[in-house]
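Here is the structure we will look at, set down as structure tokens.
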Ligand SMILES: [Zn+2]
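This is the structure in structure tokens:
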């Protein structure tokens, strides 16, 4: 945007410089016409007129140099604008690409959520209501995890190793008894690796 502003500023500067040249040129043309018309007869006036024409020619040449210098700057700022425009479009295509990949990932995640939610509903339907209620309550209290694996005598929910007394109690409990961690109160899931 800064380069584009500079571009339009420089273009305006060029127009102004060209107008300056035009003004001087027109005045020189008028002077030359007066000189050629023969209307000026006094030698002093003729001399003044000729001097002015010469001075206007010098002025015009100086102003044309200014125009050339401005045109060079216009060209360089145009190149800069072109280069930056290309970079903008390259970055934009990267953004578009990333957006498309993000959207595709969202879609995939949404699909996964729908599948997992359905699977959970099916499983939840097979769990006794009181146990499901306990689980849901613990899940809410314990940061989303209501039940944890008991692995090598350690609760995988709070990572605390259970005391010998607790382990003995769990070992003695019937397979369908709901056992819980003494530390975090989560439901403990017993497996062959529980260390019982
Ligand atoms: Zn625990």
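In full-length UniProt numbering, the protein residues as written are 1 to 196.
Backbone N, C-alpha and C define an ideal beta-carbon position, used for all residues, glycine too.
With a cut-off of 8 Å, the C-beta of residue 148 is classified as near ligand 1, since at least one heavy atom of the ligand falls inside that distance.
The beta carbon of residue 179 sits closer than 6 Å to those of 170, 173 and 188, all from its chain and outside the five residues before and after it, given in chain order. For residue 196, no beta strand (DSSP E) encloses it, and the DSSP letter there is neither H nor E. DSSP assignment within the UniProt domain "CT398-like coiled coil hairpin" (2–143) yields the following whole alpha helix (DSSP H) runs of 4 residues or more, N-terminal first: 2–37, 43–124 and 129–141.
Taken through DSSP and simplified to helix, strand or coil, residue 161 comes out as strand. Within a 10 Å sphere around the beta-carbon of residue 138 sit 16 or more other beta-carbons, which makes this residue buried.
With a cutoff of 8 Å, residue 153 does not count as near ligand 1, since its C-beta is closer than that to no heavy atom of the ligand. In this structure, the straight-line span from the alpha carbon of residue 77 to that of residue 8 is close to 9 Å.
The alpha carbon of residue 81 has as its nearest neighbour, out of 14, 6, 61 and 184, the alpha carbon of 6.
Residue state for residue 174 is assigned as coil, using DSSP reduced to three classes.
Assignment of residue 167 by DSSP, reduced to helix, strand and coil, places it in the helix class. By the 16-neighbour rule on beta-carbons within 10 angstroms, residue 166 is buried.
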